[in-house]
Structures are given as C-alpha cells and as structure tokens.
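Enquirer: Sending over a structure as structure tokens; questions will come in a sec.
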Amino acid sequence: CDGDRDCRDGSDEEGCAVPRPLLCRTGQPAPCQSHEYPCGLGACLNASLVCDGRQDCADGSDEGGNCSVPCQRSCTHLCYPSPQGPPLSPQRCWCDPGYRLAEDSLSCMDIDECTERGEGACSQTCLNAPGSYSYCGCLPGYLLEPDGRICKLTGPEPMLLVAVQSELLSYGLRSGREEVLLATDKDHVVFSLDYDLVERKVFWMDLATESIRWQSFDLGKKGTLVKGVRSDCIAVDWLGRNLYWTDGAAGQVLATRLGAAWRGIPEYTVVMDGDLDRPHSLVLQPLAGLLYWSEVGSHPRLMEATMDGSRRHVLLAQGLGWPTALALDLPTWRIFWLDEKLGNVGSARLDGTSVKVLQLGWVQSPFAAAVCEGQLYWSERKAWSVQQVDKASGKNRTTLLKRHRQPHGL
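And the structure:
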C-alpha cells in the first residue's frame, strides 16, 4: 500500500482503502500529527478547521457537540475548541507543523524528522531544522539530486570494475559504457579483485595459478604479488599500502605489502588465525584502520578488528545464514551484506546498531558487492549478471550486465 505495484500481480496495492500518507508500515491508519484533528476512518483534519461551522470531516465529527465552549487552556502554541470539549478532550492544545504535543498536553516539542523518516530517507546525511521539515545534505565532492534525497559525485563518471570469468571490465555508472581492461587466458579466472586508487592498479585473485596478480592502468605494467594462496576475497588498504585476503579453508586472514614482488618465497603475514570459522568476504576502512569480514561456518557472523588483527569483536551474530558478499558505504558509515542462504540484503551501522534487512527474492548466489551513491551493486553467479537496487528500499532493480559467463569480483 505504498502506491507502487511491487508484486507482479499487483496484489500489494489491492484493498488499500486508506491513502498511503495515512498508513503505518503495519497497514493501519497512522496517528494524526499534533496540528491535526482525528476524523473517523483514519483521516486527519487541520485543527484550525475544527468547530468553524463547516463539516470538513466525512463523518461530521469536527462540528457540533461542545464547540461553543471557549478554549481556556494555557497552550504554548495554539488552542482550538473541540466538539468533545473539556474535560473529555486531552488534545485541546495543538502544535504548529514540525512540532509534537508534549506529555503535559500544553507545550510543544520539535519533531526530528530525520529520526522519524529513518536513515534511508537520505543517501548520505539528514539535517533537521527545528520547527521545520528535515532536508538531505551531501559530503564534499557530492551534489544533491533534484529528488532531494540522492547525492551524486561531482567529479568524473564513477566506474564499476567487474570480473567476468577471464576478463576485467569497466562499467560506467552514468553512461553504461563497457570497456575490457584486461583479458587473461580462458582457464585463468579473474576471481576476487580490488583497486588501489593511489597507484591506479587493480589486484585480482587468479585461482588457476593460485596467485594474486596486478596490473597498472597508467603504465600498463603487470606482475605477481604472491603465489601459493587461495582466497575467496582480497581487499586493498590504499592508505597503509597493504593487501589483505581471507583463507576460508585455513581459517585465516593474511596480508602482504602492495609493493611486494614474487621472488620464489612467499612474503606475507598471518594477521588472524585460530578461532575464525570459515572467513569469507572482507572489506577495509583504511581511514579508521579497521577491517570487517564475514564468517560462513557453523555460526555465521560479521566481525570487526583493527588492521593488525587486534581488538577483534563480533559485529553481528543474529539473523545471518550465509553472508557471502560485503560492502562498505563510507559516507553513511554502514556495512551491507548479501545473504545467499536467506536470500536477503542487510545493513547496519559500523558499531553494529541500526540493523535493517530487505527480503529480496532475487538474491540467489551473490559473490561480491559494492555501494556507490544511492545504489547497491552485486554480482549474481546463478543469473550470470550484475544487479543494482536502491540501497535503502531494495526497489528499482536493474540488470547492469548479463553474460554467458559467471561474474565474480566487483
């Protein structure tokens, strides 16, 4: 009952007698605001129209009764007579738009619309103006779209890097333009990947050679960082100049220097070992020196630690099945995950609070994820495609890429 036909048969919009603005998420009529009078049938009327000699409510409940009794309460904002009259009507005092009647039924308090609307109302920041409605704001380098909600990057077109079997593609998120950046032998799958924005290098896991390789976009050079490793996920710390990866079979998180070169002897450090239960996806927050990873063993969970492996703690351990793809949304300090077993998309603040879950039927076999502006992107192996949805609502699903080969890293 939100005005959009989300079910294929439109059944989610059938029998919606009360208009959407008057409905709570439960489908029940929402309570009227402090400057409104509750008519019958879930409708609300501006308090200034009550007891004005004209029937404005469909059931006529705004007129008659004790309307002739003058208003005598010491209200901080407005006081209107009511058909119920004193002492039966506790809402003889009314508040201007943007305020809510306090518990004393006399004074008014500001409504924080940012809290009321929830974090998904703005793609980045929400600013509350006392006595007025909230509005969305953007961080430096972004510009607010005409919809007043989404923040768009002001620089060059953002590009999404996509690994499709033996190729690495660049996909323009504005133009939809595709470009093949590198192509390996057909039996060399480009698996997990990440990008170093400082030296403009892309790193990827090559399962065929059990190595992590790299290629420079500026100089065209390429090389091998380390050999003898198998990993589902790698992540670049562009600030500390290290590369991390997970080893689910060994139950480890490892790291090596971005400037390392293969000389016949593995050069890497075991960052965490011991009690990791099949670590899988891994994302980094270099500015805070933190890393986050998912575990998909017998007790699925999301974890956080500093980049040296210390201060390890559980971020989330409830409501998870098999969280196989993680992504950070740095402007909002939220972590997103896609759960292959439960078929949903979840997100939470980086302190583990404000958990939100979207049950999306088309999440089947997610491998990697990314967040940019107001959108969530992920690679879907069973559907051989890269999908896109609104990160807050899960709506407006779009297929960006579809191939006859499996996509992997983003």
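Going by the working numbering, the sequence shown opens with residue 181, and the numbers climb by one from there.
Built from N, CA and C at the ideal position, the CB exists for glycine as well.
1) Taking 9 Å as the threshold (C-beta atoms), are THR504 and GLU520 in contact?
2) Quick check on DSSP: helix, strand or coil for PRO503?
3) Could you tell me if PRO250 is buried or exposed, where buried requires 16 or more neighbouring beta carbons within 10 angstroms of its beta carbon?
4) Please look up how many angstroms separate the CB atoms of VAL370 and GLU347, rounded, as I've assumed it's under 8 Å.
5) Who pairs with PRO546 in a beta bridge, going by DSSP?
6) So the candidates are PRO338, SER303, GLN345 and GLY190; which of them puts its Cα closest to the Cα of ARG354?
7) On the DSSP letters alone, give me the boundaries of the beta strand (DSSP E) that THR578 sits inside.
8) By the three-class DSSP mapping on this structure, what secondary structure does GLY222 have?
9) Taking buried to mean at least 16 other C-beta atoms within 10 Å of its own C-beta, is LEU467 buried or exposed?
10) Taking the alpha carbon of ASP365 as the point to measure from, which residue in ASP374, GLU358 and THR389 has its own alpha carbon closest?
11) My output table needs one value for ASP570: the three-state DSSP class, helix, strand or coil.
12) Please tell me whether LEU405 and ARG393 are closer than 9 Å, where the distance is taken between their beta carbons.
13) If you measure between the beta carbons of MET487 and TYR424, is that distance less than 9 Å?
14) Can you tell me whether TRP542 is buried or exposed, with buried defined as 16 or more other CB within 10 angstroms of its CB?
15) Look at the Cβ atom of GLY523, then the Cβ atom of LEU540, and state whether they are nearer than 9 Å.
16) What are the boundary residues of the beta strand (DSSP E) that THR404 is part of?
17) Residue range of the beta strand (DSSP E) that CYS237 falls in?
18) Using C-beta distances below 6 Å, list every residue in its chain close to LEU500, excluding the 5 sequence neighbours before and after it, in chain order.
19) Roughly how many angstroms separate the alpha carbons of GLY195 and GLY532, rounded to a whole number?
20) Since VAL409 contacts SER391 with CB under 8 Å, what's their CB separation in whole angstroms?
21) Specify, as a first and last residue, the run of the beta strand (DSSP E) that GLU475 falls within.
22) If you follow the beta strand (DSSP E) that CYS598 is in, where does it begin and where does it stop?
23) Tell me the DSSP secondary structure of ARG297 in three-state form.
24) Where GLY400 and LEU471 are concerned, what is the direct C-alpha to C-alpha distance, given to the nearest angstrom?
25) Would CYS219 pass as a contact of CYS231 if the rule is Cβ separation under 9 Å?
26) Candidates ASP453, LEU506 and ASN422: which alpha carbon is nearest VAL463's?
27) Buried or exposed for TYR426, going by 16 or more other Cβ atoms inside 10 Å?
28) For a test of the three-state rule: what should DSSP assign to LEU268, helix, strand or coil?
29) Just to confirm, is the Cβ distance from GLY589 to SER565 under 9 Å?
30) Could you give the C-beta distance for SER350 and LEU361, rounded to a whole number, given that I count them as a contact under 8 Å?
31) Could you tell me if CYS187 is buried or exposed, where buried requires 16 or more neighbouring beta carbons within 10 angstroms of its beta carbon?
Expert: Put simply:
1) Within the sequence shown, residue 520 is the residue found at index 340, counting from 1. Within the sequence shown, residue 504 is the residue found at index 324, counting from 1. Yes, these two residues count as a Cβ contact at 9 Å.
2) For this step, residue 503 is matched to residue 323 along the sequence shown. Here PRO503 sits in strand by DSSP.
3) Counted from its first residue, the sequence shown places residue 250 at position 70. PRO250 is exposed by the Cβ-count criterion.
4) By 1-based counting over the sequence shown, the position of residue 370 is 190. By 1-based counting over the sequence shown, the position of residue 347 is 167. Correct: roughly 7 Å between the Cβ atoms.
5) Against the sequence shown, residue 546 aligns to sequence position 366. GLU560.
6) For the purposes of this step, residue 354 is taken as residue 174 along the sequence shown, with counting starting at 1. Comparing alpha-carbon positions, the option among PRO338, SER303, GLN345 and GLY190 lying closest to ARG354 turns out to be PRO338.
7) On the sequence shown, position 398 is the one that residue 578 refers to. Residues 578–582.
8) In the sequence shown, residue 222 corresponds to position 42, counting from 1. Of the three classes helix, strand and coil, the one that applies to GLY222 here is helix, per DSSP.
9) Here the question's residue 467 lines up with position 287 in the sequence shown. Looking at its Cβ environment, which holds fewer than 16 other Cβ atoms inside 10 Å, LEU467 is exposed.
10) Locating residue 365 in the sequence shown gives position 185, counting from the first residue. The option with the nearest alpha carbon to ASP365 is THR389.
11) Locating residue 570 in the sequence shown gives position 390, where the first residue counts as 1. In this structure, ASP570 counts as strand in the three-state DSSP scheme.
12) Taking the first residue of the sequence shown as 1, we reach residue 405 at position 225. Taking the first residue of the sequence shown as 1, we reach residue 393 at position 213. Yes, the Cβ-Cβ distance between LEU405 and ARG393 is below 9 Å.
13) By 1-based counting over the sequence shown, the position of residue 487 is 307. By 1-based counting over the sequence shown, the position of residue 424 is 244. Yes; because the gap between Cβ atoms is below 9 Å, this pair is in contact.
14) Here residue 542 is taken as the residue at index 362 of the sequence shown, counted from 1. That one is exposed.
15) Counting from one through the sequence shown, the residue named residue 523 turns up at place 343. Counting from one through the sequence shown, the residue named residue 540 turns up at place 360. In this structure, LEU540 lies closer than 9 Å to GLY523 by Cβ.
16) As a first step, residue 404 is located in the sequence shown; it is residue number 224 there, counting from the start. Its beta strand (DSSP E) spans residues 402–407.
17) The sequence position of residue 237 within the sequence shown is 57, counting from 1. It is not in any beta strand (DSSP E) - CYS237 carries neither H nor E in the DSSP assignment.
18) Position 320 of the sequence shown holds residue 500. So the qualifying residues of the chain are PRO480.
19) Against the sequence shown, residue 195 aligns to sequence position 15. Against the sequence shown, residue 532 aligns to sequence position 352. Distance between the alpha carbons of GLY195 and GLY532 is about 38 Å.
20) Translated into the one-based positions of the sequence shown, residue 409 becomes position 229. Translated into the one-based positions of the sequence shown, residue 391 becomes position 211. That pair is a contact at about 7 Å.
21) Counting from 1 along the sequence shown, the entry for residue 475 is found at position 295. Looking at the DSSP string, the run of the beta strand (DSSP E) that includes GLU475 is 470–475.
22) With the chain covering only 181 through 590, there is no way to say anything about residue 598.
23) In the sequence shown, the residue the question calls residue 297 occupies position 117. Annotated three-state conformation of ARG297 is helix, per DSSP.
24) Along the sequence shown, one-based indexing puts residue 400 at 220. Along the sequence shown, one-based indexing puts residue 471 at 291. So the alpha carbons of these two residues sit roughly 30 Å apart.
25) Looking up residue 219 in the sequence shown gives position 39. Looking up residue 231 in the sequence shown gives position 51. In this structure, CYS231 does not lie closer than 9 Å to CYS219 by Cβ.
26) For the purposes of this step, residue 463 is identified with residue 283 of the sequence shown, where counting begins at 1. Nearest C-alpha to VAL463: LEU506.
27) Indexing the sequence shown from 1 puts residue 426 at position 246. At residue 426 the sequence reads Thr, which differs from the Tyr that was named. By the Cβ-count criterion, THR426 is buried, with 16 or more other Cβ atoms from all chains shown falling within 10 Å of its own Cβ.
28) The residue labelled residue 268 in the question sits at position 88 within the sequence shown. Low per-residue confidence applies at LEU268: pLDDT is 46, beneath 50, and the placement is therefore not dependable, though the value from the model is reported in the following sentence. Looking at LEU268 - three-state DSSP - the assignment turns out to be coil, as it is neither helix nor strand.
29) For the purposes of this step, residue 589 is taken as residue 409 along the sequence shown, with counting starting at 1. For the purposes of this step, residue 565 is taken as residue 385 along the sequence shown, with counting starting at 1. No, these two residues do not count as a Cβ contact at 9 Å.
30) Mapped onto the sequence shown, residue 350 falls at position 170. Mapped onto the sequence shown, residue 361 falls at position 181. About 5 Å; that satisfies the 8 Å criterion.
31) The residue you call residue 187 lines up with position 7 of the sequence shown. Exposed is the call here.
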